[in-house]
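In the numbering used here, the protein residues as written are 417 to 705.
What follows is a short report on a single structure.
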């Protein structure tokens, strides 16, 4: 395991997640935060109108970990509203937003730190995953029927793919138009210069990360991929498939209305043709046979 330099210890890091039910996935995510992050970070959690049972579990968990800052929406207010509450009054240099159904791997913060250190202009860092649309590995799309889903990559292969990505990556930290919102790492000064997420146009969260990346780029910040970091994502643990699909359609329409076809089309073409992303996917597929 790589030795972590003192400068990489996350004493200037806030980690945050929004929770709505799905307690077993949330618990696994929280346990991975403690297990895989060096000490010194701040942890914020917001319960977005979970059931009484899950709210009780979360209260008990936070009682055992009193350093957690726990916020609550008494009724479900939506992902974007909840995340914006988490973003308020951040005092640390970095802020990492997690979906509550992911599992952080070893050395994740070292890898994110390397991406931020690649340029002072880097404002947002994303990661690879088994289920992250354009940033899925070993493949982003089926030939005819859309995005890959978590079940298409067997659990026994997660560690294998993570090791392959670590091996094949040249740590080029490619500049990209946007990242996937399941894992978002920010320089916190973005919140003063760019603002918070757009609750009006993207209340459910779908499309909100793309909008924010566009807004950050307009302010001169770079959006990059930590191309040596692979994170398991359960996906849609807190919502139904039909709700996710309808929410995605509404988010897509809001993006199109706000930015127009030309800007969105250019961004998608840039991702589709990105040589670093294509090379890593190809090398991982070739190595797996």
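All residues carry an ideal CB built from backbone N, CA and C; glycine is no exception.
Shown here, residue 487 sits in a strand according to DSSP, grouped into three states. Cβ contact annotation for residue 506 (same chain, cutoff 6 Å, sequence separation greater than five): 430 and 604, in chain order.
The C-alpha of residue 681 lies about 22 Å from the C-alpha of residue 695. Residue 585 sits close to residue 643, with the two beta carbons spaced by under 7 Å. Per DSSP, the unbroken alpha helix (DSSP H) holding residue 699 starts and ends at 691 to 704. Of all alpha-carbon atoms in 540, 589 and 501, the one lying nearest the alpha-carbon of residue 598 is that of 540. The beta carbon of residue 613 sits closer than 7 Å to the beta carbons of 496, 499, 500, 624 and 628 from its chain, once the five residues preceding and following it are set aside; these are given in chain order. The three-state secondary structure of residue 638, taken from DSSP, is strand.
Using a Cβ-Cβ distance cut-off of 8 Å, the stretch 475 to 484 and the stretch 528 to 543 are not in contact, since fewer than three pairs of beta carbons, one from each stretch, lie closer than that value. Linking residue 690 to residue 697 through their CA atoms gives a straight-line distance of about 11 Å.
For residue 577, the uninterrupted alpha helix (DSSP H) segment begins and ends at 574 to 584.
Looking at the DSSP output, residue 463 shares a beta bridge with 435 and 488.
For residue 603, the beta-bridge partners assigned by DSSP are 510.
The DSSP-derived three-state label of residue 687 is helix. Taking the Cα positions, residue 469 is about 31 Å away from residue 574. Under DSSP, residue 542 shares a beta bridge with 641.
Between residue 528 and residue 601, the beta carbon gap of about 5 Å places them in contact (Cβ cut-off 8 Å). In the DSSP annotation of this structure, the continuous segment of the alpha helix (DSSP H) that includes residue 498 starts and ends at 495 to 503. Shown here, residue 626 sits in a helix according to DSSP, grouped into three states.
Looking at the backbone, the Cα of residue 451 and that of residue 524 are separated by about 11 Å. Taking a 10 Å sphere around the C-beta of residue 434, we find 16 or more other C-beta atoms and assign the residue as buried. Just measuring C-alpha positions, the residue of 449, 660 and 548 sitting nearest residue 649 is 548.
In this structure, residue 553 lies away from residue 519, with their beta-carbon atoms at least 7 Å apart. Contact check for residue 491 and residue 461: beta-carbon distance about 17 Å, past the 8 Å limit, so the pair fails to qualify.
In this chain, the alpha helix (DSSP H) harbouring residue 475 covers 468 to 480. Residue 532: member of the alpha helix (DSSP H) spanning 524 to 533, first to last residue. Going by beta carbons, residue 446 and residue 463 fall outside the 7 Å limit. Relative to the Cα of residue 617, the nearest Cα in the group 580, 472, 675 and 704 belongs to 675. When the Cα atoms are used, residue 488 and residue 465 turn out to be separated by approximately 7 Å. By the Cβ-count criterion, residue 579 is exposed, with fewer than 16 other Cβ atoms from all chains shown falling within 10 Å of its own Cβ.
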